[in-house]
Amino acid sequence: MAADSELFPVITPIIKWAGGKKKLAPTIEQAASNQIDFSTIDTYVEPFAGGASMLLYLATKYHFKHQVILDINPELINLYRQVRDHLTDLMTGLTTIQATYNDLPDLTTQKENFYAVRSAFNQGILVDEASVDQAVRFMFLNKTDFNGLYRVNSKGTFNVPFGQRKQVNLFEPANLTNFSQLLQNTEILLGDYHQTAQYAGPKTFFYFDPPYRPLTDSASFTSYAKSTFNDDAQVELATFTQQLAAKGAHFALSNSDPHQSDPDDNFFDDLYADFTIQRIQAARMISARAKGRGNVSELLVTH
Ligand SMILES: C[S@@+](CC[C@H](N)C(=O)[O-])C[C@H]1O[C@@H](n2cnc3c(N)ncnc32)[C@H](O)[C@@H]1O
1 MAADSELFPV
11 ITPIIKWAGG
21 KKKLAPTIEQ
31 AASNQIDFST
41 IDTYVEPFAG
51 GASMLLYLAT
61 KYHFKHQVIL
71 DINPELINLY
81 RQVRDHLTDL
91 MTGLTTIQAT
101 YNDLPDLTTQ
111 KENFYAVRSA
121 FNQGILVDEA
131 SVDQAVRFMF
141 LNKTDFNGLY
151 RVNSKGTFNV
161 PFGQRKQVNL
171 FEPANLTNFS
181 QLLQNTEILL
191 GDYHQTAQYA
201 GPKTFFYFDP
211 PYRPLTDSAS
221 FTSYAKSTFN
231 DDAQVELATF
241 TQQLAAKGAH
251 FALSNSDPHQ
261 SDPDDNFFDD
271 LYADFTIQRI
281 QAARMISARA
291 KGRGNVSELL
301 VTH
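Residue numbers (UniProt numbering): 1 to 303.
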């Protein structure tokens, strides 16, 4: 672990992301510390990165020699690569797109602007474009669409509607700059989490935050990308964590707690019986029904 002077200031996630762990990160770190001595860790791996809240929080407390983040969403990964490698161009693009939107006279013209950007973004998806412009559009849509959702249809087209905001603030320059600094020693990978197996070793810590197993049918928000994460996928992930543990790696894994809706549902207790399971309190933000809001317990599996 490095001296305190090398630790990062608080950096907030640069995008809104369903299932984001910004609020829960300190609780997760504390619970994980019961089992894991973070001062022995030199490689941090986050295979379901999303907004990367856990990396951002841990960077205020620990200095890892090597960091790896991965996600299956190509647009998100393109954004992070642009933040790391082309920060100035990204900020210029964001400043321009924000000023254009904020200077429009009313919501009618802003709505037209939103749908024009959405259409350009979808063209970018179709040609598999990795560019600063596409990253700018991605951040713009994230802050101007309905509720900061990212959702694609079966053809992979982004289809979240206009969010009706009159003024938007797409980024905080100091925050984005600090994030870019943090990403300098970070490998940013696109694809499936299995790719991260190569980093497993006694000094590696993995944080897994997969799409949650729905507590009820109505709460099945799993479409971050063109894939869904069903029970078979949860079982496969558990097998993966066993393989990592066999190589001496440490990990923490978040998921929903089925006991909330069905005390007899022991899906995760059975799946992770070889590891430690803690139940932690969380405020769930995204839910299809009001019934699903409020404080719920979540699972944290650690090894
Ligand atoms: C619950 S979110 C992670 C949220 C994140 N911890 C945060 O604080 O913002 C789950 C993420 O897993 C990604 N994902 C889904 N399936 C995946 C897979 N098979 N491999 C890697 N990432 C995947 C999704 O794109 C999504 O960003």
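A virtual CB, placed ideally from N, CA and C, is assigned to each residue, including glycine.
> Span of the alpha helix (DSSP H) holding D71?
Replying inline: Element bounds for D71: not the alpha helix (DSSP H) but the beta strand (DSSP E), 66-71.
> Going by the beta-carbon positions, is the gap between L149 and V136 smaller than 8 angstroms?
Replying inline: no
>> If contacts are defined as beta-carbon pairs under 8 angstroms, then I277 and V296 qualify, I think. What distance do you get, rounded to the angstrom?
In response: Wrong, their Cβ atoms sit about 16 angstroms apart, outside the cutoff.
> How would you call Q110, buried or exposed, if buried means at least 16 neighbouring beta carbons within 10 angstroms?
Replying inline: buried
>> Can you find the residues in the same chain that come closer than 7 angstroms, C-beta to C-beta, to F8, ignoring five residues on each side of it along the sequence?
In response: For F8, where only same-chain residues beyond five positions count, the Cβ hits under 7 angstroms are A59, T60, N178, L182.
>> Counting C-beta neighbours from all protein chains within 10 Å, is the total for F146 16 or more, i.e. buried, or is it exposed?
In response: exposed
>> For L170 and V235, I'd like the C-alpha separation in whole angstroms.
In response: Here the C-alpha atom of L170 lies approximately 38 angstroms from the C-alpha atom of V235.
> Should Y193 be counted as a contact of ligand 1 given a C-beta to heavy atom distance under 7 angstroms?
Replying inline: yes
> When we look at the beta-carbon of D231 and count the other beta-carbons within 10 Å, is it buried (16 or more) or exposed?
Replying inline: An exposed status is given to D231, since fewer than 16 other beta-carbon atoms sit within 10 Å of its beta-carbon.
>> Bridge partners for I277 per DSSP, in chain order?
In response: V301
>> For the region 237-249 against the region 194-205, do three or more pairs of beta-carbon atoms, one drawn from each stretch, fall closer than 8 angstroms, so that the two count as touching?
In response: yes
> By Cβ distance, which residues of its chain are closer than 6 angstroms to I36, with the 5 residues on each side in sequence left out?
Replying inline: Same-chain partners within the cutoff: H250.
> Does the distance from the C-beta atom of Q122 to that of T157 stay below 8 angstroms?
Replying inline: The sequence as given places Asn at residue 122; Gln does not occur at that position. Contact: yes.
> Taking the C-alpha atoms as reference points, what is the distance between L76 and G51?
Replying inline: 9 angstroms
> Tell me which same chain residues have a C-beta within less than 7 angstroms of the C-beta of K226, skipping the five on either side of it?
Replying inline: At K226 the pLDDT is 44, less than 50, meaning the model places this residue with poor confidence and gives no usable figure here.
> So, L70 versus Q195, is the Cβ gap smaller than 8 angstroms?
Replying inline: yes
> Along the chain, where does the alpha helix (DSSP H) that runs through Y101 open and close?
Replying inline: 87-102
>> For F162, list the residues DSSP reports as bridge partners.
In response: D145
>> Can you check which of these residues, G93, F205, D106, A116, is closest to S33 by C-alpha distance?
In response: For S33, the nearest C-alpha among the options comes from F205.
>> Please return the same chain residues whose Cβ sits closer than 7 angstroms to the Cβ of residue 304, not counting the five positions on each side in sequence.
In response: Beyond the ends of the chain as shown, which are 1 and 303, falls residue 304; an answer cannot be given.
> For S223, which residues of its own chain have a beta-carbon under 6 angstroms away from its beta-carbon, when the five flanking residues on both sides are left out?
Replying inline: Confidence at S223 is low in this model, with a pLDDT of 47, below 50, so the placement of that residue should be treated as unreliable; the coordinate-derived value is given next. The residues are R151.
>> So, for A25: in the same chain, excluding its five sequence neighbours on each side, which residues have a beta-carbon less than 7 angstroms away from its beta-carbon?
In response: S53, M54, Y57
>> Rounded to the nearest angstrom, what separates T12 and N175 at their Cα positions?
In response: 7 angstroms
> Whose CA, out of I125, T96, V45, Q98, lies closest to the CA of L189?
Replying inline: V45
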